[in-house]
Each structure stands twice: as C-alpha cells, then as structure tokens.
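Residue numbers (the numbering used here), protein chains in the order written: chain A, 311 to 623; chain B, 311 to 623.
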C-alpha cells in the first residue's frame, strides 16, 4: 500500500498525539477512564458540526432514523455469531447484587468502590459493540422490502486494552451507521453510493482520503472464527484519513454482509430468499481527530468549509 | 398533598401503560432489555423535539455545554459519598478477561453468551447514575468564579429491578442537567429560576405541572446514609407531571446541594470558602411520556405548540 499523499509541511506540524495535547491542556478534552472522553469548548463545537454533517448525509439516504437502545442482549450477539469473531472487545453492563445485606456491606465499607466492584451480578446485557446489531434484532423473523434503509447514531464500546487512545481508539465512541437490507444488487449499490459520499465529505473537510479493502480484526483462533473471516473477506472497505506521517485512521467502513445477518436473524425478502445487508459506519471521534490533524488545534485556522458544506461534485 | 388537577375526560382516556402500548404496537418503541428503550417514527420525532426544547432552555442559562464521558470512575463516586446513598442503582461497565485462553473458551463454547457473562473482569468504571458528578470531578481541587454554569446531556443508568418501566423508569435514560457552582445566594437564585422555567415549559406543552418538595430515594440503613439524607432534606424539589388518574412522574428535579460537593471535591470560591452547588435535572423520556399521556399517542392530535415554543409569560 503506497503512503497517502500529504503535504510535507503540514505533516511535519501535526500528528495525532500533538493535536490532542492542545485541547487537553485547554481543558476541552479529558478522559474519565482510558478511551472514555469528555469534550467542551471549541473542540466540542467542531465535533458537533462534524456530527451534524454526517447525520445529514445519513438521513439523506435513509430518512428512517432510529434511536437505538443503550444496551444489547447477549442473546442477540450470540445469534449474530459475535462471540466467535470479536469476544475481545466486549463490555458488559452489570448491576449490583441487590440483596439488602450485600448493599449494606457496600454502604458501610471503608472502601465502598472496591466492595461494589466485587458485587456485580452476572450480566445479561452488553454495551453495544456496533449500532447495526439493533437493526437485525428489531427486524428478526420478518420479511422486508428491498431496499429497507435506516440510520442511527449510538455509543459503541470496544475494549482494546493498551491500544486505547483518546479520539483515535476509544473504549466508548460514537458511531453513525446507515444500514441497508435488500437484494444483493441493492446492497452493492448502497455500499458504492455511501463510499462515494464519504470521500466527498472528507474532501469538503479539506482532507484527502483513501479507500482500501480491509478485514475486521477477527478473533480467529477457532475454526468458526476463521470461517467467518474468510466468508466476509473482500466485502469490507475502509475510508482512511491521515493522522500524520505514515499513519492513517479508518474513519468510516463500508460493509457488504451478503446474507450473513439475513440468515442469522431470519430476515427474508418478499420471495422468501434471505435478505442481504450492508452498512456504512462512521466513527465520529476519528473524523474530529483527522480534522484536527489536518487543520491544527487552533480554532482560528479551522476552515468554515463546514458551515455551508457542499457535497455536490 | 392534594391530587393534581386533571381533566376527568382526558384522565379516563390515557394513562402511562395504555399510552406506551400504542407506539409499542406500531414498532416505534421497543425494549432491548427491561428499561432500555429504542424509539423511531413519530414517537422519536416528538422525543427529539422535546429534547431540543429542553436543550435550548438549558443553553440559554448555561452557554458552556459539555459532552460528558459515557463512564465515571468508581473513585469519583466514592469521593461523592455515592455508595452510602444510592448503591442499589449502580451499574458497572466490565470488559472481559482478555487472556487468550479465556477468550478462546468463549469463542469455542456452545453457549458463548453464558461463557462471556461469567468472564467479566472487576470493573473500575461505572455507567453514570447522574450527569453532574462529571462536573464536580472535572472541577475538583480548583477555585471557581460565582456563578459557574454548565450544561450537559447524557445517558444515565439506574437499576431499579421490578420498578423498571419503559419511559417512566428506565434502567438507561437520558438526563439533561444544568449545574451551578457559586455562593449560596447564587445557587438559590439559579434553582429558583430553573424551577420557574420548567413550569413554563410544561405549560407550553399543555401540561399542568406541580412543584413539590422531595427527597432522593436514599439507601439509608446505615448511619452515614441517614446523615446524608437529613443533610440534604428540604433542598430538593421535583416538577411532577400527570401520568393518569392519581399518578404523576418527577420529570425534573431542582437541587441545592449547599457545600456538599464543594467540600467533597475541594472546589472553592475566590475567598477560599467551599463552593455551593445546585443542579436542575430533566428526565427526557419522562417528558415524552407525560406529553403522550396528556395528548394521546395519535400524532395528528399532538399540538404543534412545540414547533414555535414560546416560554415567555
């Protein structure tokens, strides 16, 4: 893969670490836990503008917007064969054992945080690793027209341990997805259109993007994991944005799942065939980071290309 | 406490259960887990309008908006004396044990969801039970001007077991808060103003609200819990909206914490005295529910009072 064209001057000026250090020192970016970020001030204003542009783009192709639930049942992830592919990311939502004597012991403890963390019940729900699982779960065991389109934004959770980095790779981050169910041809067209739009959006932000084939970081020591990996290979592309010399981030991905989810969730087309599905997923904090790397952390230098953003041409 | 004035006709028509059944049957409201709700269609559009009105109101008094992190360290909750008061609500965010053999066992398991739920690590972070803890944590060990104002919206988590009800009492729900730090007089004025604004907002939505003194549902079997309860008594008021005959919900609360958080987080005023704090918290799903109870689930009957909403007079 050849390196992306970047302006040598610019690349010498900013990279991901240095461009995050400035809002951090201004108190505009902080982490409550590694990869769990708060924003305020100019950095938040920029994030909200990017978020709104991406939402507008999504709604233009998929007027049916959903507000997806903040948790997802483990049973849904099991049906999606999630555990064979990405168990390493999973974050669970566990409430405390609510027996009175256990709660009293926590309330009386001299180290109550430690006592509470040892009193979690077994989780039945996870924090969503992606938005589109909600779509397949909601449409499970039904028949859909082609194309059926929806969009949603949600907080996603992927625990990546030492790989975690503010904005670039969050434990919690914000994903805007557009999902299409339908015939193979409808999904192919959907994926191609969303890819072209994302390139145009990057360009309107003054960022030179590249689109590259990709594979998900499958957890693949098992036969099942390898089988899934092979099955979905060559069906994923990423929009990569520069983060400084020799480094890029996948700020969006475009996925053709073929009939993988249609079969897993028994979603069929009018003729009874399993529906194909595809999605375009935008990682909002990565767009913010790439914009900051491109234009620097000084708000006075941010192009107002964002305000009347044109995606034509 | 006298019953709220409600129109007998209207009260006979709708209550919380019946008014939620309609969007549920239309597929516009569903639960991924008890009290973890998804929305779409007209019900989502109404929710978004209410959310935006409440956000506008908050920003008018507190232009400094924050995007708060999606998790909060257990150490912050300990500093806020959370465990003596509300341990029963707490929800933890736990990732899986990331040793390769443990992940492989999950990936190979015939019941991977069950295997995963038994492989959670001890949590160091919780899902936020309220938005304003983030403010005190961010301003800890510093000095602030009076008044210092901020606003944020965030997903909050409170596990209430059998009490959980869609929109009325969510495990996950959306809270918009406005927070004030400053002198006792500045906080008192802040709380009074936010209370008056919330009454006007309810009225503009065609909903007759009442403001009542309240106490938080403290977990108070311990001396420390009872002490906290007593200390904060008479300093909390709730805006209650009708949910049908003889039933209301607290759709907003107005809290004067005196110097409780100022002392706990070492936030001082210019003269070195601990800062007082207060907050106004809006439960967005409860506003949606109360609006539906008042006007019914048929979008054609929703007053467009929301579109050009005037809060004057």
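Using N, Cα and C, we set each Cβ at its ideal position, and we do this for glycine too.
Subject >> Contact set between residue 416 (chain B) and chain A, taken where Cβ atoms lie within less than 8 Å >> reply: Sequence index remark: in the second chain, residue 416 (chain B) carries index 106 (1-based). Here the neighbours are 393 and 397.
Original post:
How many angstroms separate the CA atom of residue 463 (chain B) from the CA atom of residue 440 (chain B)?
Top reply: Reading the second chain from its first residue, position 153 is the one you call residue 463 (chain B). Reading the second chain from its first residue, position 130 is the one you call residue 440 (chain B). When rounded, the distance between both Cα atoms is 10 Å.
**OP:** From the DSSP output, in three-state form, read off residue 522 (chain B) for me.
**Re:** Within the second chain, residue 522 (chain B) is the residue found at index 212, counting from 1. Correct three-state label for residue 522 (chain B): strand.
Subject >> is_contact[residue 440 (chain A), chain B] using C-beta, thresh 8 Å >> reply: Reading the first chain from its first residue, position 130 is the one you call residue 440 (chain A). Taking Cβ atoms only, chain B never reaches closer than 8 Å to residue 440 (chain A), which makes this a no.
**OP:** Check whether the region 351-368 of chain A touches the region 412-429 of chain A, counting contact only when three or more Cβ pairs, one atom from each stretch, lie closer than 8 Å.
**Re:** Too few Cβ pairs lie closer than 8 Å, so no.
Subject >> Pairwise C-alpha distance: residue 479 (chain A) and residue 472 (chain A) >> reply: Along the first chain, one-based indexing puts residue 472 (chain A) at 162. Along the first chain, one-based indexing puts residue 479 (chain A) at 169. Distance between the alpha carbons of residue 472 (chain A) and residue 479 (chain A) is about 10 Å.
**OP:** May I ask you to list the residues that DSSP assigns as paired with residue 552 (chain A)?
**Re:** By one-based count along the first chain, residue 552 (chain A) stands at place 242. Looking at the DSSP assignment, residue 552 (chain A) forms a beta bridge with A:558.
Original post:
Roughly how many whole angstroms lie between the Cα atoms of residue 395 (chain A) and residue 344 (chain B)?
Top reply: Counting from one through the first chain, the residue named residue 395 (chain A) turns up at place 85. Counting from one through the second chain, the residue named residue 344 (chain B) turns up at place 34. Taking the straight line from one Cα to the other gives about 27 Å.
**OP:** For the alpha helix (DSSP H) holding residue 421 (chain B), just list the boundary residues, first then last.
**Re:** Numbered from 1 along the second chain, position 111 holds the residue referred to as residue 421 (chain B). No residue range can be given for residue 421 (chain B), since it is assigned to no alpha helix (DSSP H) and is classified by DSSP as neither H nor E.
Subject >> Positions along the region 371-388 of chain A whose CB lies within less than 9 Å of some CB in chain B >> reply: 374, 375, 376, 377, 378, 379, 380, 381, 382, 383, 384, 385, 386, 387 and 388
**OP:** Return the first residue and the last residue of the alpha helix (DSSP H) that residue 351 (chain B) is part of.
**Re:** Within the second chain, the letter at position 41 stands for residue 351 (chain B). First-last of the alpha helix (DSSP H) with residue 351 (chain B): 351-371.
Original post:
Measuring from the CB of residue 428 (chain A), is there a heavy atom of the ligand NAP at a distance below 7 Å?
Top reply: Within the structure as shown, the ligand NAP is missing, as the structure has no ligands at all.
Original post:
If you run the structure through DSSP and keep just helix, strand and coil, what is residue 432 (chain A)?
Top reply: Here the question's residue 432 (chain A) lines up with position 122 in the first chain. Coil, per DSSP.
Subject >> Near-chain A residues of the region 452-464 of chain B - C-beta to any C-beta below 7 Å >> reply: none
Original post:
How far does the alpha helix (DSSP H) with residue 447 (chain B) in it reach, from first residue to last?
Top reply: Residue 447 (chain B) sits at position 137 when you count from the first residue of the second chain. Residue 447 (chain B) -> alpha helix (DSSP H) spans 442-449.
**OP:** At 8 Å on the CB atoms, spell out the chain B contacts of residue 428 (chain A), in chain order.
**Re:** Translated into the one-based positions of the first chain, residue 428 (chain A) becomes position 118. Near residue 428 (chain A) (Cβ distances below 8 Å), the residues of chain B are 432.
Subject >> Spatial neighbours of residue 374 (chain A) in its chain, beta-carbon cut-off 6 Å, leaving aside the 5 residues before and after >> reply: The residue you call residue 374 (chain A) lines up with position 64 of the first chain. The residues are 460.
**OP:** Report buried or exposed for residue 614 (chain A), applying the criterion of at least 16 other Cβ atoms within 10 angstroms of its Cβ.
**Re:** Along the first chain, one-based indexing puts residue 614 (chain A) at 304. Classification for residue 614 (chain A): exposed.
Subject >> Contact with chain B by residue 408 (chain A), beta-carbon distance below 8 Å >> reply: Indexing the first chain from 1 puts residue 408 (chain A) at position 98. For residue 408 (chain A), the answer is yes, since a Cβ of chain B falls inside 8 Å of its Cβ.
**OP:** Give the residues of chain A in contact with residue 348 (chain B), contact being defined as C-beta atoms less than 8 Å apart.
**Re:** Working through the second chain from its first residue, we reach residue 348 (chain B) at position 38. The contacting residues are 376, 377, 378, 379, 444 and 448.
Original post:
Can the beta-carbon of residue 443 (chain A) be found closer than 8 Å to that of residue 482 (chain A)?
Top reply: Taking the first residue of the first chain as 1, we reach residue 443 (chain A) at position 133. Taking the first residue of the first chain as 1, we reach residue 482 (chain A) at position 172. It is not a contact, given that the beta carbons lie outside the stated cut-off.
Original post:
Does DSSP classify residue 588 (chain B) as helix, strand or coil?
Top reply: Here residue 588 (chain B) is taken as the residue at index 278 of the second chain, counted from 1. Correct three-state label for residue 588 (chain B): strand.
Original post:
Who pairs with residue 566 (chain A) in a beta bridge, going by DSSP?
Top reply: Numbered from 1 along the first chain, position 256 holds the residue referred to as residue 566 (chain A). According to DSSP, which records beta bridges pairwise, residue 566 (chain A) is partnered with A:588.
Original post:
Taking the alpha-carbon positions, what's the residue 324 (chain A) to residue 335 (chain A) distance?
Top reply: Walking along the first chain from the start, residue 324 (chain A) turns up at place 14. Walking along the first chain from the start, residue 335 (chain A) turns up at place 25. Answer to the nearest angstrom: the Cα atoms are 16 Å apart.
Original post:
Should residue 603 (chain B) be labelled buried (16 or more other beta-carbon atoms within 10 Å of its own) or exposed?
Top reply: The count along the second chain starts at 1 and reaches residue 603 (chain B) at position 293. So residue 603 (chain B) ends up on the buried side.
**OP:** List the endpoints of the continuous alpha helix (DSSP H) containing residue 388 (chain A).
**Re:** For this step, residue 388 (chain A) is matched to residue 78 along the first chain. Taken as a continuous stretch (DSSP letters only), the alpha helix (DSSP H) holding residue 388 (chain A) covers 384-389.
**OP:** Measure the C-alpha to C-alpha separation of residue 332 (chain A) and residue 598 (chain A) and round it to an integer number of angstroms.
**Re:** For this step, residue 332 (chain A) is matched to residue 22 along the first chain. For this step, residue 598 (chain A) is matched to residue 288 along the first chain. When rounded, the distance between both Cα atoms is 14 Å.
Subject >> residue 332 (chain B) (DSSP reduced to helix, strand or coil) >> reply: Residue 332 (chain B) sits at position 22 when you count from the first residue of the second chain. Residue 332 (chain B) falls in the helix class under three-state DSSP.
**OP:** Compare the C-beta of residue 401 (chain A) with all C-beta atoms of chain B and state if any pair is closer than 8 Å.
**Re:** Position 91 of the first chain, counting from 1, holds the residue named residue 401 (chain A). Answer yes: the Cβ-Cβ gap between residue 401 (chain A) and chain B drops below 8 Å somewhere.
Subject >> Continuous alpha helix (DSSP H) stretch holding residue 395 (chain B): start and end >> reply: Against the second chain, residue 395 (chain B) aligns to sequence position 85. Run containing residue 395 (chain B): 392-395, per the alpha helix (DSSP H) assignment.
Original post:
Are at least three pairs of beta-carbons, each pair with one atom in the region 509-525 of chain A and one in the region 581-591 of chain A, less than 8 Å apart?
Top reply: Touching, no, given that fewer than three Cβ pairs across the two stretches are closer than 8 Å.
Original post:
Going by DSSP, which residues form a beta bridge with residue 460 (chain A)?
Top reply: As a working note, residue 460 (chain A) is residue 150 in the first chain. Residue 460 (chain A) is bridged to A:489.
Original post:
Whole-angstrom Cβ separation of residue 491 (chain A) and residue 449 (chain A), contact assumed at under 8 Å?
Top reply: Looking up residue 491 (chain A) in the first chain gives position 181. Looking up residue 449 (chain A) in the first chain gives position 139. Yes, they are in contact, since the Cβ atoms of residue 491 (chain A) and residue 449 (chain A) sit about 7 Å apart, within 8 Å.
Subject >> residue 614 (chain B) - containing alpha helix (DSSP H), residue span >> reply: Position 304 of the second chain, counted from the first residue, corresponds to residue 614 (chain B). Here residue 614 (chain B) belongs to no alpha helix (DSSP H), and DSSP marks it neither H nor E.
Original post:
So what does DSSP say about residue 295 (chain A), is it helix, strand or coil?
Top reply: With chain A represented from 311 up to 623, any question about residue 295 (chain A) goes unanswered, as that position is not in the structure.
Original post:
Quick one: does residue 612 (chain B) have its CB under 8 Å from some CB of chain A?
Top reply: As a position in the second chain, residue 612 (chain B) is number 302, starting the count at 1. Taking Cβ atoms only, chain A never reaches closer than 8 Å to residue 612 (chain B), which makes this a no.
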